[in-house]
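Colleague: The number in my numbering is simply the position in the sequence shown, starting from 1, with 797 added.
Virtual Cβ for every residue (Gly too), placed ideally from N, Cα, C.
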Amino acid sequence: MRAVSVRRCSYRTGITILSRQSRSRKCSPWCCIRITTTPSTAPRMKTMPFVPSEDSARLTIRLSEWDWTAPSRDPRLKDMSLAGDTAWRRLADGLRGRIDIYERYDGLTIETSSFVGRVDVGPLRIVVQPKLPAMPLTRLLRYAYGLRDLTSTAETRSPTDERGMHDLLIALLAGEVEELLHRGLPRHYVARDRRLDSPRGQILIDQIIRRGGVLEPMLPCRQYERRSDWSLNQVLRAGLDHAARLTEDRELRRHAHKLSAMFGDVREMPRLRTDDIDLVARNLTRLTTACRPALTLIRLLHDMQGVELETDIGASRTPGFLFDMNLFFQRLLSRFLRENLVDARIVDEHSIQGMFAFASGSNIKQRRAPSPRPDYALFHGRRLNRFLDAKYRDLWRKSLPVEWLYQLTIYALASPVEVSVLLYASMSESALDEEVEIRQPVSWSNRAPASVILRPVPLGMLAGLVGSDATTEIVGRRQQLAQRLIANRTNGTNLRDTATTGFGVPST
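1) What are the boundary residues of the beta strand (DSSP E) that includes Phe1184?
2) Kindly identify the DSSP beta-bridge partner or partners of Ala1247.
3) Check Thr1086 in the structure and name its three-state DSSP category.
4) Would you kindly check if the distance between the Cβ of Phe1118 and the Cβ of Leu1043 is under 8 Å?
5) In whole angstroms, what is the alpha-carbon distance linking Ala988 and Arg886?
6) Is the beta carbon of Pro868 sitting closer than 8 Å to the one on Gly919?
7) Measure the Cβ-Cβ separation of Arg1183 and Val1214 and say whether it is below 8 Å.
8) Name, in chain order, the residues that DSSP records as bridge partners for Gly904.
9) Going by DSSP, what residues sit across from Pro1253 in a beta bridge?
10) Would you kindly work out how many angstroms separate the C-alpha atoms of Arg1079 and Met1101, rounded to a whole number?
11) Can you give me the start and stop residues for the beta strand (DSSP E) that Pro1017 sits inside?
12) Spatial neighbours of Gly1061 within its chain, please: C-beta separation below 8 Å, excluding the five flanking residues on both sides.
13) Do the region 1250-1262 and the region 1272-1281 make contact, defined as three or more Cβ pairs closer than 8 Å?
14) Is Ser1057 helix, strand or coil by DSSP?
15) Would you mind giving the Cβ-Cβ distance between His1039 and His1099, rounded to the nearest angstrom? I have them listed as a contact below 8 Å.
16) For the region 904-937, list the beta strand (DSSP E) runs that are entirely contained and at least 3 residues long, ordered along the chain.
17) Would you kindly report the start and end of the unbroken alpha helix (DSSP H) that includes His1147?
18) By the 10 Å Cβ neighbour count, where 16 or more other Cβ atoms means buried, how is Leu965 classified, buried or exposed?
19) If you run the structure through DSSP and keep just helix, strand and coil, what is Arg1064?
20) Please classify Leu1130: does DSSP put it in a helix, a strand, or coil?
21) For Ile1005, collect the residues of the same chain with a Cβ closer than 8 Å to its Cβ; drop the 5 residues on either side in sequence, then sort them by chain order.
22) Could you say which of His979, Pro1198, Gln1020 lies nearest to Leu1001 if we only look at CA atoms?
23) Do Ala1035 and Met1059 count as a contact pair if the criterion is CB distance below 8 Å?
24) Alpha helix (DSSP H) containing Val974: first to last residue?
25) Ile1283 by DSSP, collapsed to three states: which one?
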């Protein structure tokens, strides 16, 4: 039998050691274990059975956005049910609309939407990966959220392939914070009240009066010291610590902890709240605006942490991380169109007032009439032209949901030109415009029908344009693509060819 002699460690391990030199799991990482072979009369110890961790015991289901699986596709889901546990069932109900889990006669069926990330539901770990590769996705994320063009590990090892979307955001956050630390943390004048025998700063007369005069050889003073320990840096450090707890990548976690330690005397916040992030974001000035991208990433990581559920003991969050690619795509197109439209402008989420109204005398309960709110309204000067909507779903390869068509029909009928445009994300190089006419099927009319245009947005080409230097040629191609996206007529020319050659741009 092998005896283990431990140097600088009194912990006695109960496992068989086969290597010549290793480290004790429960000791200091720098504690060496020296193995010697000596005879022993002690009874042989039984090897402890391996007990898998909770994460390793979960059944991992990997899908992409707008995907589905069932026992016919994945036999592991056969005869599986969540009905035996109330917490699991409540968790699945809370995910409805993001990840739908249905119980069928033969097992579980899972359907995904525009949300990507990872979530744990009972015995399942559902990982939804974006179809877009890591390199163009990183470029589009940087452009949409105004991040600096920094070199990060996300471009070299694609963390979304193994862990999830949150690891890519954490890698981007680490790059932003590392740049801030390299420049030097922003400092702020912080008030500090002390009793000094040699007065400095502002003497607090009101405190002296309340105490009945000077009772000791010291005076209360208030000094304003320029320190790095203030609310902005505290939120940045808390965001790094929060990100380190989210990731399962050891290298990424180690890097986040290393950056957090570089904050020095900046105090750690016990809990990071949304109000804290919003407060420091509103108070950014010209001197601290460089911290805005990092705060944006911290807010994204904070918001995508699971789904909030109401329980008997209060609100709780599901174990997991979900990122809405639809909101990201809407923000991406908003910035691209605002920066590259020449003779037009867009307004985000412009409310259509007066389209619906209760008949006179029939609104007994005084309800408010609904007001549709498309993603974008296109204006030429002050004149409204048409409405546009953005959806992160490749309609060239997948079907158009009926509820989306109804929504776009309302936008078309409310538009002065009776045309609405749906801009959808696509990875297909052969995708072309499609048009759906809105006709009157009952009575005859010579009026031209309204129409809905389904227009693909090539994400690969868009990532190449926004990730390139703003040369004259690149700026021209960006403007041509932006003009092409808002056109009110279909064009048989592929968008990739249009942006490359500059021909075939229809009139707006």
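Modeller: In brief:
1) Position 387 of the sequence shown holds residue 1184. Note, Phe1184: beta strand (DSSP E), 1180-1188.
2) The sequence position of residue 1247 within the sequence shown is 450, counting from 1. Ala1247 is bridged to Ile1235.
3) The count along the sequence shown starts at 1 and reaches residue 1086 at position 289. It is helical.
4) Residue 1043 sits at position 246 when you count from the first residue of the sequence shown. Residue 1118 sits at position 321 when you count from the first residue of the sequence shown. Against a cut-off of 8 Å, the Cβ pair of Phe1118 and Leu1043 comes out as a contact.
5) Working through the sequence shown from its first residue, we reach residue 988 at position 191. Working through the sequence shown from its first residue, we reach residue 886 at position 89. Using only the alpha carbons, I get a separation of about 51 Å.
6) What you label residue 868 is simply residue 71 of the sequence shown in a count that begins at 1. What you label residue 919 is simply residue 122 of the sequence shown in a count that begins at 1. The answer is no: Cβ separation not under 8 Å.
7) Mapped onto the sequence shown, residue 1183 falls at position 386. Mapped onto the sequence shown, residue 1214 falls at position 417. Against a cut-off of 8 Å, the Cβ pair of Val1214 and Arg1183 comes out as a contact.
8) For the purposes of this step, residue 904 is taken as residue 107 along the sequence shown, with counting starting at 1. Bridge partners of Gly904: Lys875, Arg901.
9) Residue numbering aside, residue 1253 sits at position 456 when the sequence shown is read from its first letter. Tyr1221.
10) One-based indexing of the sequence shown puts residue 1079 at position 282. One-based indexing of the sequence shown puts residue 1101 at position 304. One C-alpha to the other measures close to 21 Å.
11) Here the question's residue 1017 lines up with position 220 in the sequence shown. Here the beta strand (DSSP E) through Pro1017 covers 1016-1024.
12) On the sequence shown, residue 1061 is found 264 positions in, with the first residue counted as 1. For Gly1061, where only same-chain residues beyond five positions count, the Cβ hits under 8 Å are Ser1025.
13) yes
14) Translated into positions along the sequence shown, residue 1057 becomes position 260. Looking at Ser1057 - three-state DSSP - the assignment turns out to be helix.
15) The residue given as residue 1039 occupies position 242 in the sequence shown. The residue given as residue 1099 occupies position 302 in the sequence shown. Their Cβ separation, rounded to whole angstroms, is 7 Å, which keeps His1039 and His1099 in contact under 8 Å.
16) 904-909, 912-918, 921-926
17) Position 350 of the sequence shown holds residue 1147. Segment: none, His1147 is in no alpha helix (DSSP H) and carries neither H nor E.
18) Sequence index remark: in the sequence shown, residue 965 carries index 168 (1-based). Per the 10 Å Cβ criterion, buried.
19) As a first step, residue 1064 must be located in the sequence shown, where it is residue number 267. Here Arg1064 sits in coil by DSSP.
20) Taking the sequence shown and counting its residues from 1, the one referred to as residue 1130 is at position 333. In this structure, Leu1130 counts as helix in the three-state DSSP scheme.
21) For the purposes of this step, residue 1005 is identified with residue 208 of the sequence shown, where counting begins at 1. Within the same chain, Ile1005 has close Cβ partners Val1011, Leu1016, Pro1017.
22) By 1-based counting over the sequence shown, the position of residue 1001 is 204. Minimum Cα distance to Leu1001 is reached at Gln1020.
23) Along the sequence shown, one-based indexing puts residue 1059 at 262. Along the sequence shown, one-based indexing puts residue 1035 at 238. Result no, Cβ atoms of Met1059 and Ala1035 do not sit closer than 8 Å.
24) The residue you call residue 974 lines up with position 177 of the sequence shown. It spans 962-980 - the alpha helix (DSSP H) in which Val974 sits, taken as one unbroken run.
25) Within the sequence shown, numbered from 1, the residue matching residue 1283 stands at position 486. Residue state, collapsed to three classes: coil.
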